[in-house]
Amino acid sequence: MPSPEDLSVFITVVRKASFGAAAAALNASPAFVSKRIRLLEQELGVQLLHRTTRRVAVTEQGERIYHWAQRILDEVEHLLQEVDVTRRQPRGLLRVSTSFGFGRNVVAPALSQLIAQFPALQLRLEVFDRIVDVAAEGFDLDVRVGDEIAPHLIARHLADNHRVLCAAPAYVRRRGSPRTPDELAAHDCLVIKERDHPFGVWRLRSGNQERSVKVTGPLSTNHGEMAVQWARDGHGIVLRSLWDVATDLQAGRLLQLLPEWTQQANVWAVYPTRLERSAKVRVCVEFLQAFFRENKPGALKQTIEKEAASA
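Per UniProt numbering, numbering through the sequence shown is continuous, rising by one, with the last residue being 311.
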């Protein structure tokens with residue numbers, strides 16, 4: 001019977017496609033990782049990986065064993081949770097993914113409070129500019145802004161949210177304000193590579209009406225905070241979550257354009273069905289739901305800005 005530790009090492013190597021990256025994730029040496037994989041291959045009597053100088057690839061047998069190993073370790077974790085009389089005190093590593101700006105401004109402060117309340121829990125937060133496959137990439141939970149969610153995943157609603165169009169007063173004085181969504185195509189737009197939308201296409205809704213507008217501009221990025229700063233500097237129009245621009249709108253640094261046209265972008269906790277009974281995922285989702293009820297759009301960011309200014 002292979003040890004759970006060796007199965008865990010193997011799973012990490014497959015997910016990272018590298019012995020070095022797996023060693024870093026496990027806080028171990030590449031030699032230790034290589035040794036555990038070699039022993040596991042000897043134990044099972046099969047070759048699990050094809051090794052090259054740059055990366056590793058999974059063999060056909062290795063692919064089958066990877067899925068079995070993942071199921072075995074998940075079941076072991078579920079067993080421990082079922083017999084744990086303190087299920088309300090989750091423990092172990094919780095791997096969370098989210099997007100760049102939302103992660104820094106909202107998710108990270110929320111998880112900071114979570115870990116203070118549940119000290120037996122360990123958290124690893126990673127940010128991406130793309131949709132994360134939580135099951136395949138080894139994450140327990142993805143905190144996602146946007147309503148396009150694959151049907152094979154579990155999604156728990158955290159907060160209502162939408163994206164708004166806005167620009168600096170200086171830009172509006174120079175270029176005017178669009179009167180319809182179609183006029184956005186003639187404006188300088190600050191395009192962001194969003195996780196859940198095609199690059200350069202803004203899908204807007206007003207009541208029962210929908211519009212998809214192809215927009216362009218002199219500046220584009222995969223980081224929303226940079227685009228918002230460019231908007232403050234008067235370089236163009238940005239479509240950004242109300243969570244990110246509420247304080248700028250309140251302060252007059254940005255003006256909302258076409259206020260009747262918005263883009264739905266609710267906040268969700270997304271996780272694989274295999275983790276439906278996970279105590280740590282359940283506790284984290286419930287905590288985030290309470291956190292978002294108490295922190296409406298703009299309020300959290302305003303608090304962060306005040307703390308930064310007084311530091």
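Ideal placement from N, C-alpha and C gives every residue a C-beta, glycine not left out.
Check, Outcome
"CA-to-CA distance, V96 to A120, given in whole angstroms", "16 Å"
"Per-residue DSSP class, three states only, for V281", "helix"
"Cβ pair L111, L123 closer than 8 Å", "yes"
"Span separating the alpha-carbon of S206 from that of S3", "57 Å"
"Between the CA atoms of A168 and D248 - distance to the nearest angstrom", "9 Å"
"Beta strand (DSSP E) segment containing S241, residue limits", "I237 to S241"
"Unbroken stretches of the alpha helix (DSSP H), 4 residues or longer, contained in the region 97-180", "108-117 and 169-175"
"Beta-carbon gap between W230 and L165 smaller than 8 Å", "no"
"Pairwise C-alpha distance: L258 and R15", "44 Å"
"Spatial distance of V281 from P272 (CA atoms)", "10 Å"
"Supposed contact pair L190 and G217 - C-beta distance, whole angstroms, cut 8 Å", "6 Å"
"Beta strand (DSSP E) runs contained entirely in the UniProt domain \"HTH lysR-type\" (2-59), provided each spans 3 or more residues", "49-51 and 56-58"
"Proximity to N161 [Cα-Cα], best of I237, F102 and V33", "F102"
"Whether D6 touches R51 by CB criterion (8 Å)", "no"
"Between the CA atoms of L26 and V215 - distance to the nearest angstrom", "43 Å"
"Assigned secondary structure, W68 (DSSP; H/G/I helix, E/B strand, else coil)", "helix"
"Distance between A116 and L288 (C-alpha atoms, nearest Å)", "14 Å"
"Bridge partner(s) assigned by DSSP for Q263", "R163"
"Proximity winner among N222, Q42 and R179, relative to F128 (alpha-carbon distances)", "N222"
"Short CB-CB distance (under 8 Å) between L153 and chain D", "In summary, chain D is missing from the structure at hand, where a single protein chain is found."
"V245 Cβ short of 7 Å to the ligand ZN heavy atom set", "This structure lacks the ligand ZN, and indeed carries no ligand of any kind."
"Outcome for G176 when other beta-carbon atoms lying within 10 angstroms are tallied against a minimum of 16", "exposed"
"CB-CB length for H157 against N266, believed under 8 Å", "6 Å"
"Coarse secondary structure for T273, derived from DSSP in three states", "helix"
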